[in-house]
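Numbering (the working numbering), first residue to last: -3 to 94.
Okay, so here's the structure we're looking at.
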């Protein structure tokens, strides 16, 4: 009778318990696989975003360089015009007020 109870206990507790443990292991493996896939896709997405930001930064730097050149050109033009005003005999402040 005790052997029958042991077999019955194994069938009632052991089989569902074993199935539960196996299902938990399968679930853990799936979570790891999904985490790896997410990580790989996240790395690709971030890489694409970094590339996009580098392009935008390069364009912004180019625009800044062009604007700095324009500022330099305008300053040289202002200096040249101020010298012409001084050479004409009028003070620069009087010419600026007109």
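C-beta: ideal position from N, C-alpha, C; glycine also.
Task: First and last residue of the uninterrupted alpha helix (DSSP H) at residue 0 - done: For residue 0, the enclosing alpha helix (DSSP H) covers residues -2 to 5.
Open item on the list: If you reduce the DSSP assignment to three classes, tell me which class residue 84 lands in.
Closed with: Residue state, collapsed to three classes: coil.
Task: CA-to-CA distance, residue 25 to residue 14, given in whole angstroms - done: Taking the Cα positions, residue 14 is about 17 Å away from residue 25.
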